[in-house]
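In the numbering used here, the protein residues as written are 29 to 360. Built from N, CA and C at the ideal position, the CB exists for glycine as well. The structure presented is a predicted model; accordingly, all values stated were derived computationally and were not measured. One structure is given here, and the rest of the page talks about it.
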(Lines of atoms letter the chains of each structure in order from A and count residues from 1; the text may use other names and numbers.)
(Lines give C-alpha, C1' and ligand atoms only; values in the text may rest on other atoms or scores of the structure.)
Protein backbone atom coordinates (compact mmCIF):
# COMPACT_ATOMS: atom_id res chain seq x y z
CA UNK A 1 0.00 0.00 0.00
CA UNK A 2 1.30 3.45 -0.92
CA UNK A 3 2.18 5.56 2.13
CA UNK A 4 0.44 8.93 2.13
CA UNK A 5 0.03 11.56 4.83
CA UNK A 6 -3.18 13.24 5.90
CA UNK A 7 -2.97 16.90 4.92
CA UNK A 8 -6.37 18.58 4.60
CA UNK A 9 -9.67 18.25 6.50
CA UNK A 10 -13.15 19.27 5.38
CA UNK A 11 -15.20 20.35 8.41
CA UNK A 12 -18.99 20.60 8.72
CA UNK A 13 -20.17 21.88 12.10
CA UNK A 14 -18.02 20.10 14.69
CA UNK A 15 -17.43 17.08 12.45
CA UNK A 16 -14.60 16.29 10.05
CA UNK A 17 -16.65 14.69 7.31
CA UNK A 18 -13.90 14.29 4.72
CA UNK A 19 -10.15 14.46 4.51
CA UNK A 20 -7.44 14.40 1.86
CA UNK A 21 -4.08 12.67 1.98
CA UNK A 22 -1.09 12.87 -0.28
CA UNK A 23 2.60 13.57 -0.66
CA UNK A 24 4.68 16.70 -0.15
CA UNK A 25 8.33 17.63 -0.09
CA UNK A 26 10.52 20.63 0.66
CA UNK A 27 13.93 20.34 -0.99
CA UNK A 28 17.01 22.55 -0.58
CA UNK A 29 19.52 23.91 -3.06
CA UNK A 30 21.71 20.82 -2.69
CA UNK A 31 18.78 18.65 -3.74
CA UNK A 32 18.36 17.31 -0.22
CA UNK A 33 14.99 16.72 1.43
CA UNK A 34 14.41 19.26 4.20
CA UNK A 35 10.98 17.85 5.08
CA UNK A 36 8.80 15.22 3.48
CA UNK A 37 5.35 13.73 3.85
CA UNK A 38 4.36 10.36 2.44
CA UNK A 39 6.40 8.09 0.20
CA UNK A 40 8.78 10.44 -1.59
CA UNK A 41 9.76 7.76 -4.07
CA UNK A 42 6.19 7.42 -5.29
CA UNK A 43 5.98 8.13 -9.03
CA UNK A 44 3.52 10.79 -10.13
CA UNK A 45 2.60 12.73 -13.25
CA UNK A 46 3.27 16.38 -12.32
CA UNK A 47 1.00 17.65 -15.10
CA UNK A 48 1.02 21.43 -15.65
CA UNK A 49 2.91 22.08 -12.41
CA UNK A 50 6.16 21.64 -14.38
CA UNK A 51 5.50 23.90 -17.35
CA UNK A 52 8.52 25.96 -16.33
CA UNK A 53 10.64 22.81 -16.77
CA UNK A 54 9.05 22.18 -20.17
CA UNK A 55 10.05 25.72 -21.15
CA UNK A 56 13.72 25.27 -20.22
CA UNK A 57 14.93 24.19 -23.68
CA UNK A 58 13.13 27.12 -25.29
CA UNK A 59 15.26 29.53 -23.27
CA UNK A 60 18.47 27.57 -22.65
CA UNK A 61 18.91 26.82 -26.38
CA UNK A 62 18.79 30.50 -27.26
CA UNK A 63 15.62 30.00 -29.32
CA UNK A 64 13.68 32.45 -27.15
CA UNK A 65 16.22 35.20 -27.71
CA UNK A 66 16.50 34.50 -31.42
CA UNK A 67 12.71 34.81 -31.65
CA UNK A 68 12.77 38.06 -29.66
CA UNK A 69 10.58 36.76 -26.83
CA UNK A 70 10.10 39.04 -23.83
CA UNK A 71 9.48 38.11 -20.20
CA UNK A 72 5.72 38.26 -20.59
CA UNK A 73 5.92 35.58 -23.28
CA UNK A 74 8.19 33.44 -21.11
CA UNK A 75 5.61 33.66 -18.31
CA UNK A 76 2.89 32.77 -20.80
CA UNK A 77 4.90 29.72 -21.90
CA UNK A 78 4.53 28.49 -18.30
CA UNK A 79 0.80 29.22 -18.12
CA UNK A 80 -2.34 27.24 -17.41
CA UNK A 81 -4.41 30.29 -18.22
CA UNK A 82 -8.08 31.23 -17.97
CA UNK A 83 -8.58 31.94 -21.65
CA UNK A 84 -9.36 35.56 -20.77
CA UNK A 85 -8.99 38.24 -23.48
CA UNK A 86 -5.48 39.07 -22.26
CA UNK A 87 -4.44 35.44 -22.75
CA UNK A 88 -6.13 35.02 -26.13
CA UNK A 89 -4.53 38.23 -27.41
CA UNK A 90 -1.12 37.08 -26.20
CA UNK A 91 -1.44 33.72 -27.98
CA UNK A 92 -2.66 35.24 -31.25
CA UNK A 93 0.06 37.89 -31.29
CA UNK A 94 2.75 35.27 -30.61
CA UNK A 95 1.49 33.02 -33.40
CA UNK A 96 1.48 35.98 -35.78
CA UNK A 97 5.16 36.68 -35.08
CA UNK A 98 5.89 33.07 -35.98
CA UNK A 99 3.95 33.36 -39.23
CA UNK A 100 1.55 30.71 -37.93
CA UNK A 101 -2.13 30.48 -37.06
CA UNK A 102 -4.41 28.78 -34.56
CA UNK A 103 -4.55 25.62 -36.66
CA UNK A 104 -0.84 25.10 -35.99
CA UNK A 105 -1.57 24.58 -32.29
CA UNK A 106 -2.05 20.91 -31.38
CA UNK A 107 -3.45 21.58 -27.90
CA UNK A 108 -7.10 21.11 -28.88
CA UNK A 109 -10.13 23.33 -28.38
CA UNK A 110 -11.15 24.27 -24.83
CA UNK A 111 -13.76 26.60 -23.41
CA UNK A 112 -12.23 29.43 -21.36
CA UNK A 113 -11.54 28.39 -17.78
CA UNK A 114 -12.42 31.86 -16.53
CA UNK A 115 -16.12 32.28 -15.73
CA UNK A 116 -16.39 35.80 -17.15
CA UNK A 117 -14.66 34.94 -20.40
CA UNK A 118 -16.79 31.81 -20.82
CA UNK A 119 -20.05 33.66 -20.12
CA UNK A 120 -19.09 36.56 -22.41
CA UNK A 121 -18.39 34.06 -25.18
CA UNK A 122 -21.80 32.41 -24.73
CA UNK A 123 -23.62 35.76 -24.72
CA UNK A 124 -21.82 36.80 -27.90
CA UNK A 125 -22.70 33.52 -29.62
CA UNK A 126 -19.02 32.77 -30.16
CA UNK A 127 -17.32 29.40 -30.03
CA UNK A 128 -14.02 28.52 -28.35
CA UNK A 129 -10.93 27.69 -30.33
CA UNK A 130 -7.40 26.52 -29.67
CA UNK A 131 -6.05 29.83 -28.39
CA UNK A 132 -8.54 29.56 -25.51
CA UNK A 133 -6.92 26.32 -24.41
CA UNK A 134 -5.20 26.83 -21.07
CA UNK A 135 -2.00 25.39 -22.58
CA UNK A 136 -1.85 27.59 -25.69
CA UNK A 137 1.07 29.58 -24.25
CA UNK A 138 3.09 26.43 -23.66
CA UNK A 139 2.33 25.32 -27.20
CA UNK A 140 3.42 28.68 -28.61
CA UNK A 141 6.71 28.00 -26.86
CA UNK A 142 6.86 24.52 -28.39
CA UNK A 143 6.26 25.97 -31.85
CA UNK A 144 8.96 28.59 -31.34
CA UNK A 145 11.51 25.96 -30.38
CA UNK A 146 10.39 23.68 -33.21
CA UNK A 147 10.90 26.45 -35.77
CA UNK A 148 14.32 27.22 -34.32
CA UNK A 149 15.27 23.55 -34.63
CA UNK A 150 13.85 23.48 -38.18
CA UNK A 151 11.75 20.50 -37.13
CA UNK A 152 8.34 19.44 -38.41
CA UNK A 153 5.03 20.61 -36.96
CA UNK A 154 4.21 17.42 -35.03
CA UNK A 155 5.85 18.91 -31.95
CA UNK A 156 3.90 16.82 -29.41
CA UNK A 157 5.27 13.51 -30.71
CA UNK A 158 7.44 12.06 -27.91
CA UNK A 159 10.19 11.45 -30.48
CA UNK A 160 10.07 15.02 -31.82
CA UNK A 161 13.22 17.08 -31.11
CA UNK A 162 11.19 19.48 -28.93
CA UNK A 163 9.95 16.72 -26.64
CA UNK A 164 13.33 14.96 -26.57
CA UNK A 165 14.90 18.23 -25.40
CA UNK A 166 12.21 18.63 -22.75
CA UNK A 167 12.68 15.10 -21.47
CA UNK A 168 16.44 15.64 -21.23
CA UNK A 169 15.96 18.94 -19.38
CA UNK A 170 13.56 17.37 -16.88
CA UNK A 171 15.94 14.48 -16.32
CA UNK A 172 18.77 16.94 -15.72
CA UNK A 173 17.00 19.07 -13.10
CA UNK A 174 15.19 16.23 -11.29
CA UNK A 175 18.28 14.03 -11.27
CA UNK A 176 16.23 11.08 -12.47
CA UNK A 177 16.20 9.04 -15.66
CA UNK A 178 12.88 9.19 -17.46
CA UNK A 179 10.22 7.22 -15.61
CA UNK A 180 7.82 7.16 -18.55
CA UNK A 181 5.10 9.57 -19.55
CA UNK A 182 1.38 10.05 -19.97
CA UNK A 183 -0.31 12.12 -22.66
CA UNK A 184 -1.56 15.34 -21.09
CA UNK A 185 -4.86 17.09 -21.73
CA UNK A 186 -3.16 19.24 -24.37
CA UNK A 187 -1.76 16.15 -26.21
CA UNK A 188 1.86 16.71 -25.16
CA UNK A 189 3.76 14.03 -23.23
CA UNK A 190 3.95 14.67 -19.49
CA UNK A 191 7.04 13.05 -18.03
CA UNK A 192 6.70 11.23 -14.73
CA UNK A 193 8.89 11.84 -11.69
CA UNK A 194 9.10 10.76 -8.11
CA UNK A 195 7.90 13.24 -5.51
CA UNK A 196 11.53 13.51 -4.39
CA UNK A 197 12.74 14.17 -7.95
CA UNK A 198 10.06 16.80 -8.51
CA UNK A 199 11.18 18.62 -5.38
CA UNK A 200 14.79 18.41 -6.56
CA UNK A 201 13.84 19.94 -9.90
CA UNK A 202 12.04 22.83 -8.23
CA UNK A 203 15.00 23.43 -5.91
CA UNK A 204 17.19 23.64 -9.02
CA UNK A 205 15.07 26.55 -10.20
CA UNK A 206 15.23 28.15 -6.76
CA UNK A 207 19.01 27.89 -6.49
CA UNK A 208 19.82 28.82 -10.10
CA UNK A 209 21.95 31.94 -10.58
CA UNK A 210 22.13 34.40 -13.42
CA UNK A 211 25.90 33.81 -13.69
CA UNK A 212 25.45 30.06 -14.12
CA UNK A 213 25.40 27.96 -17.27
CA UNK A 214 22.74 28.23 -19.98
CA UNK A 215 20.28 25.96 -18.17
CA UNK A 216 20.65 27.84 -14.88
CA UNK A 217 20.24 31.21 -16.60
CA UNK A 218 17.10 29.88 -18.29
CA UNK A 219 15.71 28.76 -14.92
CA UNK A 220 16.31 32.22 -13.47
CA UNK A 221 14.59 33.96 -16.38
CA UNK A 222 11.56 31.68 -16.24
CA UNK A 223 11.01 31.93 -12.48
CA UNK A 224 11.45 35.71 -12.60
CA UNK A 225 9.06 36.01 -15.55
CA UNK A 226 6.39 34.03 -13.69
CA UNK A 227 6.67 36.25 -10.61
CA UNK A 228 6.64 39.42 -12.73
CA UNK A 229 3.53 38.40 -14.71
CA UNK A 230 1.31 36.32 -12.41
CA UNK A 231 -1.88 37.13 -14.31
CA UNK A 232 -0.44 35.57 -17.46
CA UNK A 233 0.45 32.37 -15.60
CA UNK A 234 -3.18 31.75 -14.58
CA UNK A 235 -5.62 34.68 -14.39
CA UNK A 236 -7.73 36.81 -12.09
CA UNK A 237 -9.21 34.81 -9.25
CA UNK A 238 -6.89 31.83 -9.73
CA UNK A 239 -4.76 30.48 -6.90
CA UNK A 240 -1.44 30.71 -8.78
CA UNK A 241 -1.96 34.37 -9.61
CA UNK A 242 -3.37 35.35 -6.22
CA UNK A 243 -0.72 33.55 -4.17
CA UNK A 244 2.19 34.84 -6.27
CA UNK A 245 0.90 38.38 -5.80
CA UNK A 246 0.55 37.76 -2.06
CA UNK A 247 4.10 36.40 -1.92
CA UNK A 248 5.44 39.68 -3.31
CA UNK A 249 8.24 38.25 -5.43
CA UNK A 250 9.25 35.53 -2.97
CA UNK A 251 7.76 32.59 -4.85
CA UNK A 252 6.91 31.32 -8.32
CA UNK A 253 3.84 29.12 -7.84
CA UNK A 254 2.26 26.73 -10.32
CA UNK A 255 -0.72 24.41 -10.25
CA UNK A 256 -1.20 21.16 -12.13
CA UNK A 257 -4.19 18.91 -12.73
CA UNK A 258 -5.08 16.08 -10.36
CA UNK A 259 -4.02 17.78 -7.15
CA UNK A 260 -0.47 18.88 -7.94
CA UNK A 261 1.02 22.19 -6.80
CA UNK A 262 4.60 23.42 -6.94
CA UNK A 263 6.53 26.43 -5.68
CA UNK A 264 9.99 27.87 -6.24
CA UNK A 265 11.45 29.98 -3.40
CA UNK A 266 14.57 31.76 -4.70
CA UNK A 267 15.42 33.68 -1.51
CA UNK A 268 15.55 30.45 0.48
CA UNK A 269 16.80 28.18 -2.29
CA UNK A 270 13.89 25.81 -1.70
CA UNK A 271 11.59 23.82 -3.94
CA UNK A 272 8.15 22.74 -2.72
CA UNK A 273 5.88 20.11 -4.25
CA UNK A 274 2.45 18.77 -3.28
CA UNK A 275 0.46 15.90 -4.77
CA UNK A 276 -2.98 15.10 -3.34
CA UNK A 277 -3.69 11.40 -3.78
CA UNK A 278 -7.33 11.79 -4.82
CA UNK A 279 -6.57 14.69 -7.18
CA UNK A 280 -8.67 17.31 -5.35
CA UNK A 281 -7.80 20.92 -6.19
CA UNK A 282 -9.44 22.20 -3.00
CA UNK A 283 -6.91 20.16 -1.05
CA UNK A 284 -3.84 20.99 -3.13
CA UNK A 285 -4.54 24.73 -2.82
CA UNK A 286 -4.92 24.42 0.94
CA UNK A 287 -1.80 22.28 1.31
CA UNK A 288 0.49 24.52 -0.76
CA UNK A 289 -0.80 27.59 1.10
CA UNK A 290 -0.13 25.90 4.45
CA UNK A 291 3.41 24.99 3.45
CA UNK A 292 4.18 28.47 2.15
CA UNK A 293 2.81 30.05 5.33
CA UNK A 294 5.04 27.75 7.37
CA UNK A 295 8.05 28.72 5.25
CA UNK A 296 7.34 32.42 5.78
CA UNK A 297 6.51 33.20 2.15
CA UNK A 298 2.82 33.88 2.77
CA UNK A 299 0.95 35.57 5.63
CA UNK A 300 -1.79 33.29 6.92
CA UNK A 301 -3.88 36.31 7.87
CA UNK A 302 -3.88 37.78 4.37
CA UNK A 303 -7.47 37.42 3.06
CA UNK A 304 -6.17 36.19 -0.30
CA UNK A 305 -4.19 33.46 1.47
CA UNK A 306 -7.01 32.57 3.86
CA UNK A 307 -9.28 32.04 0.84
CA UNK A 308 -7.15 28.99 0.01
CA UNK A 309 -5.84 28.08 3.45
CA UNK A 310 -9.20 28.14 5.27
CA UNK A 311 -11.99 28.53 2.71
CA UNK A 312 -15.48 28.60 4.20
CA UNK A 313 -18.04 26.03 3.08
CA UNK A 314 -21.45 27.67 2.49
CA UNK A 315 -24.74 25.94 1.78
CA UNK A 316 -27.29 26.96 -0.85
CA UNK A 317 -28.79 29.55 1.51
CA UNK A 318 -25.41 31.17 2.02
CA UNK A 319 -25.07 29.85 5.57
CA UNK A 320 -21.49 28.98 6.49
CA UNK A 321 -21.57 25.32 7.47
CA UNK A 322 -17.88 24.65 7.89
CA UNK A 323 -14.44 25.13 6.41
CA UNK A 324 -11.55 23.45 4.66
CA UNK A 325 -8.34 23.58 6.69
CA UNK A 326 -4.94 21.94 7.05
CA UNK A 327 -4.96 18.77 9.15
CA UNK A 328 -3.77 19.43 12.68
CA UNK A 329 -0.55 17.54 12.03
CA UNK A 330 0.25 19.15 8.68
CA UNK A 331 2.62 20.73 8.19
CA UNK A 332 4.17 19.85 11.55
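Sort the options by Cα distance to residue i and report the nearest one.
i	options	result
residue 407	227, 119 and 248	Coverage of the chain is limited to positions 29 through 360, which leaves residue 407 absent and any answer about it impossible.
residue 295	271, 286 and 325	325
residue 107	45, 255, 72 and 317	255
residue 87	37, 63 and 176	176
residue 171	31, 356, 83 and 116	83
residue 303	136, 78, 206 and 111	78
residue 313	44, 216, 332 and 188	332
residue 352	33, 40 and 30	40
residue 140	134, 133 and 158	158
residue 100	212, 319, 193 and 252	252
residue 169	147, 134 and 50	134
residue 223	257, 321 and 73	73
residue 161	207, 154, 109 and 206	109
residue 298	320, 341 and 240	320
residue 118	342, 259 and 337	259
residue 342	29, 31, 38 and 34	38
residue 334	137, 292 and 270	270
residue 357	35, 29 and 91	35
residue 149	235, 111 and 349	111
residue 114	257, 71, 189 and 239	257
Run through DSSP, which three-state label would residue i get?
i	result
residue 157	coil
residue 169	helix
residue 135	coil
residue 109	coil
residue 286	coil
residue 344	coil
residue 51	strand
residue 314	helix
residue 303	strand
residue 280	strand
residue 354	strand
residue 264	coil
residue 206	coil
Which first and last residues belong to the alpha helix (DSSP H) in which residue i is found?
i	result
residue 198	189 to 202
residue 33	Run containing residue 33: none in the alpha helix (DSSP H); it sits in the beta strand (DSSP E), 33 to 40.
residue 257	Note, residue 257: premise wrong, no alpha helix (DSSP H); not H, not E.
residue 232	223 to 235
residue 75	Careful: residue 75 lies outside any alpha helix (DSSP H) and carries neither H nor E.
residue 268	267 to 275
residue 323	Taken as a continuous stretch (DSSP letters only), residue 323 belongs to no alpha helix (DSSP H), as it is neither H nor E.
residue 333	331 to 337
Following the continuous beta strand (DSSP E) through residue i, name the residue where it begins and the one where it ends.
i	result
residue 61	61 to 65
residue 144	Careful: residue 144 lies outside any beta strand (DSSP E), inside the alpha helix (DSSP H) at 143 to 151.
residue 217	217 to 219
residue 210	209 to 211
Looking at residue i and the ligand FMN, is the gap between the Cβ and the nearest heavy atom below 7 angstroms?
i	result
residue 39	Looking for the ligand FMN in the displayed structure turns up nothing, as the structure carries no ligands at all.
Return the bridge partner residues of residue i from the DSSP annotation.
i	result
residue 240	Residue 240 pairs with nothing; no bridge assigned.
residue 89	DSSP lists no partner for residue 89.
residue 100	DSSP, once it has assigned bridges, lists no residue as partnering residue 100.
residue 291	281 and 300
residue 46	38
Between residue i and chain B, is there a C-beta pair that is closer than 8 angstroms?
i	result
residue 58	Looking for chain B here will not work: only one protein chain is present.
Would you check if the region 119 to 138 and the region 264 to 279 touch, i.e. whether three or more CB-CB distances between them fall below 8 angstroms? no
Quick one: any contact between the region 114 to 123 and the region 146 to 166, if contact means 3 or more CB pairs under 8 angstroms? yes
Any contact of the region 260 to 267 with the region 201 to 208, i.e. 3+ C-beta pairs under 8 angstroms? The region 260 to 267, when compared against the region 201 to 208, does not touch it at the 8 angstroms Cβ threshold.
Would the region 174 to 192 count as touching the region 220 to 230 if we require 3 or more Cβ pairs under 8 angstroms? no
Three CB pairs or more closer than 8 angstroms across the region 279 to 287 and the region 330 to 347: As far as the Cβ criterion goes, the region 279 to 287 does not touch the region 330 to 347, which means the pair count is below three.
Is there contact between the region 206 to 222 and the region 54 to 65, where contact requires at least three CB pairs shorter than 8 angstroms? no
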